[in-house]
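Notes follow once the structure below has been shown.
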Amino acid sequence: MAAKIRYATDLDKTVLVGNFDKRGWIQVGGDDDWNFYWSTVGTTRNIFNVDSGYRMQDDQVLNHFPNHYELTRKDLMVKNIKRYRKDLEKEGSPLAEKDEQGKYMHLDFIPVTFLLPADYNLFVEEFRKNPSSTWIMKPTGKARGIGIFLINKLSQIKKWSRDSKTSSFQAPSAKDAYVISKYIDNPLLIGGKKFDLRIYVLVTSYRPLKCYLYRQGFCRFCTVKYNANVNELDNMFIHLTNVSIQKHGDEYNSHHGGKWTVQNLRLHLEGTRGKEVTDKLFDEMNWQVVHSLRAVSTVMANDRHCFECYGYDTIIDDNLKPWLIEVNASPSLTSTTANDRIMKYNLVNDTINIVMPNGETPDVRWNKIPPKECYGHYDLLYDEELAQLDLSEREVRGRPGASTLFGARGRDSKSRTTTWK
Ligand SMILES: Nc1ncnc2c1ncn2[C@@H]1O[C@H](COP(=O)(O)OP(=O)(O)O)[C@@H](O)[C@H]1O
Ligand SMILES: [Mg+2]
């Protein structure tokens with residue numbers, strides 16, 4: 000009989016432990032001999048810290064990449080996506096095409112973003128182009144809506160100015176830095192309320208890129224009707240969709256938890272806006288995920304012991320354009336409703352089935368591709384090896400578009416993405 004899997008975890012969540020128990024795995028401590036570790040990003044940092052001297056064995060699998068922050072820290076994600084776009088432009092890729100205003104036609108999917116205080120002057124330059132715009136400030140290193148606020152006047156951020164005469168500026172440590180992004184002030188509203196999408200994406204390898212998209216993402220609604228009035232800029236129940244914020248609102252409904260499934264959203268949009276634009280929207284979101292991952296694939300330490308289940312935050316505006324807001328390394332596994340618990344339990348279950356096919360002791364030397372039966376509620380979103388195969392087939396046949404993996408916005412029938420059905 001095969002040896003039992005030894006797992007470690009830093010998170011005491013029933014959706015995790017329930018899955019490990021179901022498989023008959025044995026819990027051990029993080030310092031013991033483990034095969035599978037569902038860790039916090041802090042533990043991952045310690046494991047890969049050169050001083051720890053820890054060396055992973057071939058039968059060990061961990062749920063974060065060593066430098067996941069290249070994607071999950073907003074300022075770094077933005078930097079990597081900007082570099083990716085420039086690289087594509089240099090290659091002459093049609094993906095990097097720009098419109099008359101100089102905006103990327105296919106790769107303009109993150110709000111304009113700066114790091115404060117480092118980019119203060121650049122920010123001011125941008126602000127002055129459109130002085131009536133609203134911006135959202137997020138402290139780096141914080142999550143779940145904590146410490147976020149909206150501003151619409153330069154005077155509100157004077158203290159982050161390097162050359163401010165009034166404040167004695169001192170270079171703050173990284174933990175005092177802020178990311179400031181253009182506020183998407185025209186969100187798509189449903190029932191008058193703002194919402195965002197939480198989409199789960201599993202990456203099992205960056206080079207070649209292999210990623211899966213979870214079909215059961217959801218929308219998170221605000222509890223108070225949207226109102227772009229400047230007097231309401233400090234009302235977080237209007238502007239921030241985080242459940243951790245909204246659950247403190249008077250109108251919070253603990254039965255549905257202010258959530259809708261992605262399938263509900265799809266049906267709603269097909270009914271109100273039509274199937275064609277809805278398909279295009281979901282297609283665009285899929286490509287945004289792939290582009291964001293490709294943007295970091297060259298800088299990511301592609302450790303074969305690692306996988307990662309990311310939580311993507313996306314806002315759809317009233318023109319049905321999706322905007323990528325951030326990518327989380329440790330999406331919440333707290334369940335706020337009964338449906339939530341089932342969905343998150345399945346998410347962990349399906350994730351384990353892909354990264355440890357057949358529940359065998361991992362053997363990262365072989366890095367097996369799981370059989371399709373293991374995908375559960377995941378769909379293969381992008382497999383770079385398959386895409387290249389696809390590309391070479393097209394080149395052989397000399398079809399147009401062979402120079403790019405993705406024919407601008409569209410996909411042809413051979414493309415390897417899937418859409419939410
Ligand atoms: N640029 C933006 N435009 C509109 N809403 C935003 C923007 N950035 C963030 N938000 C709102 O604020 C919430 C929290 O922001 P986010 O960047 O995801 O930080 P956190 O890590 O605290 O969740 C988002 O889920 C979204 O509702
Ligand atoms: Mg978030």
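First residue of the sequence shown: 0, per numbering that gives the first Met the number 0; consecutive thereafter.
Positions of the beta carbon are idealized from the N, C-alpha and C atoms, including for glycine.
Status (buried if at least 16 other CB within 10 Å, exposed otherwise) for residue 15 | buried
Three-state secondary structure assigned by DSSP to residue 351 = helix
Give the secondary structure of residue 26 by DSSP, where H, G and I count as helix, E and B as strand, and everything else as coil.
-> strand
Over what stretch of residues does the alpha helix (DSSP H) that includes residue 229 continue unbroken?
-> Careful: residue 229 lies outside any alpha helix (DSSP H) and carries neither H nor E.
Report yes if the CB atom of residue 70 is closer than 8 Å to the CB atom of residue 332, and no otherwise.
-> no
Whole angstroms is fine: what's the gap from residue 377's alpha carbon to residue 17's?
-> 20 Å
May I ask you to report which of helix, strand or coil DSSP gives residue 329?
-> coil
Grab the span of the beta strand (DSSP E) containing residue 259 for me, first residue to last.
-> 258-260
Taking only heavy atoms of ligand 2 into account, decide whether any of them is closer than 7 Å to the Cβ of residue 312.
-> yes
Decide if residue 247 is buried, meaning its Cβ has at least 16 other Cβ atoms within 10 Å, or exposed.
-> exposed
Residue(s) in a DSSP beta bridge with residue 308 | 201
Please work out which residues of its chain come closer than 7 Å, Cβ to Cβ, to residue 110, disregarding the five sequence neighbours upstream and downstream, and give them in chain order.
-> 180, 181, 183 and 322
Are at least three pairs of beta-carbons, each pair with one atom in the segment 131-139 and one in the segment 75-90, less than 8 Å apart?
-> no
Residue span of the beta strand (DSSP E) that contains residue 149, given as start and end = 148-150
Would you mind stating whether residue 208 and residue 359 have Cβ atoms separated by less than 8 Å?
-> no
How close, in whole Å, do the beta carbons of residue 114 and residue 178 come, if the pair is a contact with beta carbons under 8 Å?
-> 6 Å
Do residue 216 and ligand 1 come close, with the Cβ less than 7 Å from some heavy atom?
-> no
Determine the extent of the beta strand (DSSP E) in which residue 10 is found, giving its start and end residues.
-> Where residue 10 is concerned, there is no enclosing beta strand (DSSP E), given that its DSSP letter is neither H nor E.
Kindly indicate which three-state DSSP category residue 297 falls into: helix, strand or coil?
-> coil
So what's residue 54 in DSSP terms, helix, strand or just coil?
-> coil
Within 10 angstroms of its Cβ, does residue 145 collect 16 or more other Cβ (buried), or is it exposed?
-> exposed
Beta carbon of residue 346 nearer than 8 Å to that of residue 212 = no
Residue 241 CB to nearest heavy atom of ligand 2 below 7 Å | yes
Measure the C-alpha to C-alpha separation of residue 410 and residue 237 and round it to an integer number of angstroms.
-> Residue confidence for residue 410 is low, a pLDDT of 38 falling below 50, so the modelled location carries little weight; the figure read from the coordinates is stated next. C-alpha separation (whole angstroms): 36 Å.
Using alpha carbons as the reference points, say which of 266, 365, 191 and 281 lies closest to residue 304.
-> 365
Is there at least one non-hydrogen atom of ligand 1 closer than 7 Å to the beta-carbon of residue 143?
-> yes
Give the straight-line distance between the Cα atoms of residue 342 and residue 264, rounded to the nearest whole angstrom.
-> 17 Å
Residues near residue 57 in its chain [Cβ-Cβ closer than 7 Å; skip 5 each side] | 362, 363 and 364
Spell out the partners DSSP gives residue 178 in its beta bridges.
-> 114 and 137
Cβ contact check for the segment 48-65 and the segment 282-290: 3 or more pairs under 8 Å = no
Same chain, Cβ closer than 8 Å to residue 356, five either side skipped, listed in chain order = 367, 369, 370 and 373
Please list, in chain order, all residues of the same chain as residue 112 whose beta carbon is under 8 Å from its beta carbon, the five residues on each side excluded.
-> 73, 74, 77, 178, 179, 180 and 181
In the DSSP assignment, find the alpha helix (DSSP H) that holds residue 75 and state where it starts and stops.
-> 73-89
If you compare alpha carbons, which of 159, 255, 29 and 210 is closest to residue 447?
-> Examination of residue 447 is not possible in this model, given that the chain is present from 0 through 420 alone.
Anyone know if the C-beta pair for residue 272 and residue 239 falls short of 8 Å?
-> no
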